[in-house]
Amino acid sequence: MRRLLLLLLALYGLPATGAETTAFVNVNVVPMTAETVVEQQTVLVRNGTIAAIGPVEDVPIPEDALVVDGTDRYLMPGLAEMHAHVPAADSPALQRYFALYVANGVTTVRGMLGRPSHLDLRDRLDAGTTFGPRLVTSGPSLNGRSVNGPEEARRMVTAQHRAGYDFIKIHPGLTREEFEAAASTANALAMPYAGHVPVAAGVQRALELDMATIDHLDGYFAALLPPDSPGEGGYGGFFDVFLADDIDADRIAEIAAATAAAGTWNVPTETLIEQLVDATPVDELRNRPEMRYMPPEVVGNWVSAKEAQLADRNYDPEVVRLAIELRRELILALHRAGAGLLLGSDSPQVFNVPGFSIHRELDVLVAAGLTPY
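The C-terminal residue of the sequence shown carries number 449 in the numbering used here, and the numbering is unbroken.
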């Protein structure tokens, strides 16, 4: 990983006034068009676009090119953080987070809690006048506090479409009628909507209404409960993990197939859930190497959140262990059913340091049964 990051840093560290052509020489290319590594390649990048890829001896290097020695290193497409929380454009934390994303190979970020300043920020990132990853942004979320009735839901979706946001973010608290109004309006405008599944609507209704992405696997455990379960009200702890021993695991394949048929993608953010609720000692999380890049008060807040979760009167380590096992089983079932999975960790939230957490999320997906490819 360190060798990969060095190469990425070399690319992103190029001065704006430097050579228009960069040559990565003798590098191992991970193309992601097939499960392979193409060794000893030269990759020419001209004016920000890949112009040539080929064996070292076959690709001539222009005299004016900036040469990056790729020996024993790897070059791959950029990663995407598909569930991020981006600070305001004038926040002092913004450049810290953007630098951490880029240093870890994250070249696209989907901002899941947008604000007006993100529209101009997105354009400046696209133009290259601001340093950082490409930004795809929602508008301010639709939730139980911001929406008061179906008509207001329709109005907010229409206004965000007109303003130029990329998609609509759904947060908890919407009534079924508000959710359906927002969904139908977004669909009519061909504007994706994504995020949480309101308890009042449920996963099945979200699939019927063509929700673009469900994040955190939100609502799936509730959807897998028997009809007479007391957990039906949605009070099962953090993303229903405390309901794990009540769900009908035999129906996981069924709901995964329904998700695939609907064309809805999932962003599991599994690192977020597991780090908050599992039995990993707080000190182990607090002392991870990447925590040095976060303000101490932020890390302290994460520690408090973890401690509060472990102190919850309903916390049962065996139920939590089962919840993690079943969530991983669901992730694998979604993948095998052909339902799309997106890479996201919900950074910077609860020990998920921007950039670093994406690599931890990849590890968790492999632990769930996916191959590294």
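Ideal placement from N, C-alpha and C gives every residue a C-beta, glycine not left out. Predicted model, so just to flag it, every value in this text is computed and none were measured.
Point to revise | Assigned secondary structure, Gln-117 (DSSP; H/G/I helix, E/B strand, else coil) | key: Strand at Gln-117.
**Study point:** Nearest-angstrom Cβ-Cβ length linking Ala-332 and Leu-283, presumed shorter than 8 Å
**Key:** The C-beta distance from Ala-332 to Leu-283 rounds to 11 Å, too long to meet the 8 Å contact threshold.
Point to revise | Separation of Val-275 from Ala-299, as counted between CA atoms | key: 10 Å
Exercise for review: Going by CA-CA distance only, name the one from Leu-398, Thr-125, Val-144 and Gly-124 that's closest to Asn-102.
Suggested key: Val-144
Check your understanding: For Thr-260, which option in Asp-242, Glu-227, Ser-222 and Gly-215 has the closest C-alpha, if you only look at C-alpha atoms?
Key -> Residue 260 is actually Ser in this sequence, not Thr. Checking every option, the nearest Cα to that of Ser-260 belongs to Glu-227.
Exercise for review: Please check the pair Arg-157 and Arg-191, which I expect to be a contact at CB under 8 Å, by giving their CB distance rounded to whole angstroms.
Suggested key: It should be noted that the sequence gives Glu, not Arg, for residue 157. Not confirmed; about 18 Å, so no contact.
Check your understanding: How is Thr-130 classed by DSSP in three states: helix, strand or coil?
Key -> Note on identity: in this sequence residue 130 is Gly, with Thr being the wrong assignment. Strand.
**Study point:** Contained beta strand (DSSP E) runs [length at least 3] in the stretch 282-324, N- to C-terminal order
**Key:** 289-291
Point to revise | The beta strand (DSSP E) enclosing Phe-427, as first and last residue numbers | key: From DSSP, Phe-427 is part of no beta strand (DSSP E); its letter is neither H nor E.
Practice item. Grab me the residues of Gly-208's own chain with a C-beta within less than 6 Å of its C-beta, minus the 5 sequence neighbours each way, in chain order. Key: Phe-174 and Leu-201
Practice item. Whole angstroms is fine: what's the gap from Gly-146's alpha carbon to Thr-98's? Key: Cα-Cα distance, rounded: 12 Å.
**Study point:** Exposure label - Tyr-177; buried when at least 16 CB within 10 Å
**Key:** Counting other Cβ atoms within 10 Å of its Cβ, Tyr-177 reaches 16 or more and is therefore classed as buried.
Review point. Assuming His-411 contacts Leu-417 under a Cβ cut-off of 8 Å, what Cβ separation, rounded to an integer in Å, is found between them?
Key: 6 Å
Practice item. Work out the CA separation of Ala-270 and Leu-446 for me, nearest whole Å. Key: 24 Å
Check your understanding: Should Asn-180 be labelled buried (16 or more other beta-carbon atoms within 10 Å of its own) or exposed?
Key -> Around the beta carbon of Asn-180, 16 or more other beta carbons lie within 10 angstroms, which makes this residue buried.
Review point. Quick one: Cα of Asn-263 to Cα of Ala-110, how far?
Key: 34 Å
**Study point:** Residues near Asn-123 in its chain [Cβ-Cβ closer than 6 Å; skip 5 each side]
**Key:** Glu-96
Point to revise | Given Met-152 as reference, the closest of Val-114, Gln-171 and Glu-139 once Cα atoms are compared | key: Val-114
Review point. What three-state label does DSSP hand Tyr-269 in the structure shown?
Key: strand
**Study point:** Residue environment, Gly-376, which counts as buried when at least 16 other CB atoms sit within 10 Å
**Key:** exposed
**Study point:** Assigned secondary structure, Leu-201 (DSSP; H/G/I helix, E/B strand, else coil)
**Key:** helix
Practice item. Check whether the Cβ atoms of Ile-246 and Ala-235 sit closer than 9 Å, and answer yes or no. Key: no
Practice item. With DSSP as the reference, please indicate the residues paired to Asn-104 in a beta bridge. Key: Tyr-150
Exercise for review: State yes or no: is the C-beta of Val-162 within less than 9 Å of the C-beta of Leu-170?
Suggested key: Yes.
Review point. What does a CB cutoff of less than 8 Å around Val-212 pick up in its chain, not counting 5 residues either side in sequence?
Key: Thr-184, Val-185, Arg-186, Gly-187, Arg-198, Asp-242 and Phe-243
Check your understanding: Which residue spans inside the stretch 390-426 form an unbroken alpha helix (DSSP H) run of at least 4?
Key -> 393-413
Practice item. Alpha carbon to alpha carbon, how far is Thr-335 from Asp-404? Give it in angstroms, no decimals. Key: Per the sequence shown, the amino acid found at residue 404 is Arg instead of Asp. Roughly 16 Å between the two C-alpha positions.
Point to revise | Range covered by the beta strand (DSSP E) that runs through Asn-219 | key: Unbroken run through Asn-219: none, as it is neither H nor E.
Practice item. Report yes or no: do three or more beta-carbon pairs, one from the stretch 357-374 and one from the stretch 310-321, lie closer than 8 Å? Key: no
Check your understanding: Tell me which same chain residues have a C-beta within less than 7 Å of the C-beta of Leu-352, skipping the five on either side of it?
Key -> Phe-314, Ala-381, Lys-382, Gln-385 and Val-426
**Study point:** DSSP state of Glu-139 mapped onto helix, strand, coil
**Key:** coil
**Study point:** Of the residues Ala-320, Thr-347, Ser-193 and Ser-222, the one placed nearest Leu-441, counting alpha carbons only
**Key:** Thr-347
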